[in-house]
Amino acid sequence: MEKSSSGITMSIAPGELGTPGRQLGRGGQAVVIDLPDLKLPDVAGRLVYKKYREPHTDPASLRRIVDTRNSLDLPTRKRLDAVTVWPVRVVEENGQALGIVMPRIPAAYFDQVVLPGTGSKKRVLREVQNLFIPPERAAELGRPKPSDEQRMRICRDFAGVLTLMHDTLGVVFGDINAMNELFRLDDTPMVMFLDCDGVRPKGSVAAVKQLNAPDWVPPGNEVLSRASDLYKLGLFVLRCLTPGAGTSVCTDPDTIGGALDSQGLAMLRRALGPDLGARPLAREWEVYLRRMLGEPVAPPRVGAVSLDRTVVLKGQSVVVEWEAFEATEIRISAGPGRTEVVKVKGAHERGSTPIAPPEATVIEVSAVNALGVDHRSAGPVDVFEPPVLQPLPVPIPDLPSLRIDVPVPDGIDRMPPLPVIGIPQPPLDLRPPAPQVFEWPAIPDTGVAHFPIDLGTFFADAPRYQFDEESER
Numbered sequence: 001m002e003k004s005s006s007g008i009t010m011s012i013a014p015g016e017l018g019t020p021g022r023q024l025g026r027g028g029q030a031v032v033i034d035l036p037d038l039k040l041p042d043v044a045g046r047l048v049y050k051k052y053r054e055p056h057t058d059p060a061s062l063r064r065i066v067d068t069r070n071s072l073d074l075p076t077r078k079r080l081d082a083v084t085v086w087p088v089r090v091v092e093e094n095g096q097a098l099g100i101v102m103p104r105i106p107a108a109y110f111d112q113v114v115l116p117g118t119g120s121k122k123r124v125l126r127e128v129q130n131l132f133i134p135p136e137r138a139a140e141l142g143r144p145k146p147s148d149e150q151r152m153r154i155c156r157d158f159a160g161v162l163t164l165m166h167d168t169l170g171v172v173f174g175d176i177n178a179m180n181e182l183f184r185l186d187d188t189p190m191v192m193f194l195d196c197d198g199v200r201p202k203g204s205v206a207a208v209k210q211l212n213a214p215d216w217v218p219p220g221n222e223v224l225s226r227a228s229d230l231y232k233l234g235l236f237v238l239r240c241l242t243p244g245a246g247t248s249v250c251t252d253p254d255t256i257g258g259a260l261d262s263q264g265l266a267m268l269r270r271a272l273g274p275d276l277g278a279r280p281l282a283r284e285w286e287v288y289l290r291r292m293l294g295e296p297v298a299p300p301r302v303g304a305v306s307l308d309r310t311v312v313l314k315g316q317s318v319v320v321e322w323e324a325f326e327a328t329e330i331r332i333s334a335g336p337g338r339t340e341v342v343k344v345k346g347a348h349e350r351g352s353t354p355i356a357p358p359e360a361t362v363i364e365v366s367a368v369n370a371l372g373v374d375h376r377s378a379g380p381v382d383v384f385e386p387p388v389l390q391p392l393p394v395p396i397p398d399l400p401s402l403r404i405d406v407p408v409p410d411g412i413d414r415m416p417p418l419p420v421i422g423i424p425q426p427p428l429d430l431r432p433p434a435p436q437v438f439e440w441p442a443i444p445d446t447g448v449a450h451f452p453i454d455l456g457t458f459f460a461d462a463p464r465y466q467f468d469e470e471s472e473r
């Protein structure tokens, strides 16, 4: 079998599909059959066989579609697989394309609905046409009722898928209609595109003429192209944001009401107008809707980073100065198991974050948002064990006792005893004292010294106070 430039096989024989499972769906041009036994190394999850009722007229175009996926880098391929049921192999026999192998649609894109009239329940696809009907009617049928914000997010992801196809893959989807796209509310991305075997490179002409679905016809019934994709993107935004009676056939941008601001209304008018070159690109819609939702519009980027020190004791912190653009989260890493996370609001942010590295390491700063991750090294940090303080013994010498004899002056034993001093005890008064003016007793005339000094007379004269007669103090 022929392989793509990446080395992945593009085709598979019917006998390699394994035992076919039950039929999962049917349409005018093909039936879908479960392939429980088939495993492919480049595809995660279960697979199905879309078997054409008649062999495809252009097998080479199908192989190009498969090769488009195979040529992508792994992150982009995973993103494509998350939003489309993209063909992963062409089923060929005797030079004829009998069908394609593609991933099975996840369960999150199905509903258990109540069938009108019978009241019985059935598991059916959650097609975007259910976003256009009145919410009350959707609830009666067992369909979800998205909030206004959820509807805006669905539009964002719808535009994001077309951005991926137009700008990254370089293909036109073509048959955008009310049944070829699915939606979910429990996770992101919130949309999935079906029937991707009809895509083609921009500027090419399909071997078989593609038709516009009813109610999705561009002005002048133009051929399917990137311009028609952009017209139908505008129709989807209008109809998704204004559910109700008649919405599924509405083409008037002015019925959007307050669901969009003036910028959004101007974009919608351009999208649904006859001027093909004036229609907003899918990327413009994605950026606009992200800003309306307060989300980043570009992958994050780490700006300037620095450390306040490069050597610390174990247990001490180093302060990381960082700058980031379009980030919703900053992660500061100081080795395995040591990460500090800071929530930010995007656009342009600066901050300082302390972190204690457990050992010598390189401090890493990461900026994260829904569109990617960016990393930058802040530099190495050496970590040392703190010194252990040990007591230092100091020997004390053994010295003999010191004895000093002090001679007593002669006659000290014949001095008369000191008189007993009597000091009157003042009465106890617990009330706060009033302001007092203190006056010391008169000092004896120092001109003549009288020995022995009459200490009793000196201290017996009690201090004199001035009292406030009104307060009796």
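Numbered per the numbering used here, the sequence shown spans residues 1 to 473. The beta carbon of each residue, even a glycine, is placed where N, CA and C say it ideally should be.
What's the gap between the Cα of residue i and the Cα of residue j?
| i | j | result |
| --- | --- | --- |
| Leu211 | Gly27 | 16 Å |
| Thr339 | Pro300 | 19 Å |
| Leu389 | Pro380 | 28 Å |
| Gly303 | Glu140 | 52 Å |
| Gly117 | Ala245 | 21 Å |
| Pro407 | Asp398 | 29 Å |
| Asp110 | Ile176 | It should be pointed out that residue 110 corresponds to Phe in this sequence rather than to Asp. Those two C-alpha atoms are separated by around 19 Å. |
| Gly7 | Pro41 | 12 Å |
| Asp252 | Ser262 | 15 Å |
| Leu313 | Ile396 | 36 Å |
| Glu127 | Phe183 | 7 Å |
| Leu371 | Pro386 | 43 Å |
| Gly15 | Gly45 | 20 Å |
| Leu131 | Ser366 | 38 Å |
| Val368 | Pro296 | 10 Å |
| Tyr49 | Ala108 | 20 Å |
| Arg270 | Leu194 | 27 Å |
| Asp187 | Arg137 | 24 Å |
| Ser120 | Gly142 | 11 Å |
On a Cα-Cα basis, can you pick out the residue from the options that is closest to residue i?
| i | options | result |
| --- | --- | --- |
| Ala298 | Asp308, Thr328, Trp322 | Thr328 |
| Ala178 | Val66, Arg239, Arg290, Asp197 | Arg239 |
| Met192 | Pro417, Trp86, Ala278, Leu235 | Trp86 |
| Val43 | Val83, Pro14, His56, Met102 | Met102 |
| Arg63 | Arg79, Val287, Leu98 | Leu98 |
| Gly258 | Leu241, Val249, Thr247, Pro274 | Leu241 |
| Gln316 | Asp308, Trp322, Glu323 | Asp308 |
| Pro243 | Pro144, Glu222, His166 | Pro144 |
| Phe236 | Glu93, Val88, His56, Ala282 | Ala282 |
| Ile330 | Glu364, Asn70, Gly337, Ala60 | Glu364 |
| Leu265 | Leu289, Leu276, Thr247, Ser248 | Leu289 |
| Gly95 | Gln23, Gly273, Ile12 | Ile12 |
| Thr168 | Thr68, Leu38, Glu54 | Thr68 |
| Pro75 | Ser147, Val383, Ala378, Val373 | Val373 |
How about residue i and residue j: do their beta carbons lie closer than 7 Å?
| i | j | result |
| --- | --- | --- |
| Val114 | Val124 | no |
| Gly335 | Thr361 | yes |
| Val394 | Pro354 | no |
| Gly21 | Pro36 | yes |
| Gly346 | Glu359 | no |
| Val305 | Arg376 | yes |
| Leu268 | Gly220 | no |
| Pro66 | Met152 | Per the sequence shown, residue 66 should be read as Val rather than Pro. No; because the gap between Cβ atoms is not below 7 Å, this pair is not in contact. |
| Gly174 | Gly198 | yes |
| Val341 | Pro357 | no |
| Gln150 | Leu185 | yes |
If you run the structure through DSSP and keep just helix, strand and coil, what is residue i?
| i | result |
| --- | --- |
| Trp322 | strand |
| Pro387 | coil |
| Asn221 | helix |
| Thr84 | strand |
| Arg473 | At Arg473 the pLDDT is 48, less than 50, meaning the model places this residue with poor confidence; the figure from the coordinates comes in the next sentence. Coil, per DSSP. |
| Gly99 | strand |
| Ile330 | strand |
| Ile8 | coil |
| Lys51 | strand |
Whole runs of the alpha helix (DSSP H) within the stretch 103-178, excluding any shorter than 4 residues: Counting only runs of 4+ residues, the alpha helix (DSSP H) found wholly inside the stretch 103-178 occupies 135-140, 148-163, in chain order.
Sequence ranges, beta strand (DSSP E) only - wholly within the stretch 257-316, length at least 3: Within the stretch 257-316, complete beta strand (DSSP E) segments of at least 3 residues are found at 301-307, 311-313, given in chain order.
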